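Asker: So for the sequence shown, this note's numbering puts the first residue at 1; every next one is plus one. Take this structure first; my questions come after.
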Amino acid sequence: GLNAFCGYGIAIWTASFMIRSYQMPTGELGTWLAAIIGLGGAASVFLGGMLADRLAPRDQRWYTWVPCIAGFVAVPFMAAVYLVDGPYLALGMSIIPGLLFQTYLGNTIATTHAIVGPRMRATASALLFLVINIIGLGAGPYTVGLVSDLLAPTLGSESLRYAMLYVLPPVMTWSAVHFWLAGRSLREDLAAAPA
1 GLNAFCGYGI
11 AIWTASFMIR
21 SYQMPTGELG
31 TWLAAIIGLG
41 GAASVFLGGM
51 LADRLAPRDQ
61 RWYTWVPCIA
71 GFVAVPFMAA
81 VYLVDGPYLA
91 LGMSIIPGLL
101 FQTYLGNTIA
111 TTHAIVGPRM
121 RATASALLFL
131 VINIIGLGAG
141 PYTVGLVSDL
151 LAPTLGSESL
161 RYAMLYVLPP
171 VMTWSAVHFW
181 LAGRSLREDL
191 AAAPA
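Dropping the structure here:
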């Protein structure tokens, strides 16, 4: 859910941030964001799952470690997006998080299915996506917008930049910590899973 919080927060607000802070033309911006968020996200889901599947035969905790490491690596680049001066540098910095953000998705689904066993997979998937969407789509964009509104009286048009900086990197760090914590008991959880 916390990765989705960041992902939806970025997907919903990045265009507004780039337009407000850099007056970037919408046509050009749309092309950049389609490549970074769209193609980067698709590659991230696929490569994150493929990497975990390759490493998991040695240690099943890689299903949580891959998104954990990806999250920690993404955080400084996320922060840099909002701290650099210039639209192309900001977009360039966003490529790394764009390629790392969605590594959690395939791994989370696979781990959820492995833990609950075959008879509960549909229910577990439904609950997983309910939580991902409530936290991600429900809370992510709302929180960034709320913080931006609270900062607007003092920061004006730059309030969105700082709202994204203050909210998204800390939440991604929090997400990475939770993936690390989940990995601590994953072997035992998988061993206890129904067949």
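All C-beta atoms, glycine included, are put in the ideal place defined by N, C-alpha and C. Treat the numbers as computed from the prediction; the structure is a model and nothing was measured.
#1: Taking the alpha helix (DSSP H) that Leu127 falls in, what are its first and last residues?
#2: Taking the straight line between their C-alpha atoms, what separation do you get for Ala43 and Ala182?
#3: Taking only the alpha-carbon atoms, compute the straight-line gap between Val45 and Val147 and give it to the nearest angstrom.
#4: For Phe101, name the three-state secondary structure that DSSP assigns.
#5: Fully enclosed by the segment 17-81, which alpha helix (DSSP H) runs are 4 residues long or longer?
#6: Looking at C-alpha atoms only, which residue of Thr112, Ala126, Ala70 and Ile115 is the closest neighbour of Leu100?
#7: For the segment 58-77 against the segment 13-28, are there 3 or more C-beta pairs whose distance is under 8 Å?
#8: Look at the Cβ atom of Ala4, then the Cβ atom of Asn107, and state whether they are nearer than 9 Å.
#9: Spatial neighbours of Gly9 within its chain, please: CB distance less than 6 Å, with the 5 preceding and 5 following residues excluded, ordered by chain position.
#10: Taking only the alpha-carbon atoms, compute the straight-line gap between Pro25 and Leu155 and give it to the nearest angstrom.
#11: Consider the C-beta atom of Ser44 and the heavy atoms of the ligand NAP; say whether any pair is separated by less than 8 Å.
#12: Please return the same chain residues whose Cβ sits closer than 6 Å to the Cβ of Tyr82, not counting the five positions on each side in sequence.
#13: Starting from the Cα of Pro118, find the closest Cα among Pro194, Phe179 and Leu55 and give me that residue.
Answerer: To lay it out plainly:
#1: Arg121 to Asn133
#2: 24 Å
#3: 29 Å
#4: coil
#5: 26-33 and 40-55
#6: Ala70
#7: no
#8: no
#9: Gly140, Pro141, Val144 and Leu168
#10: 22 Å
#11: With respect to the ligand NAP, the structure offers nothing, as it holds no ligand at all.
#12: Arg161, Met164 and Leu165
#13: Pro194
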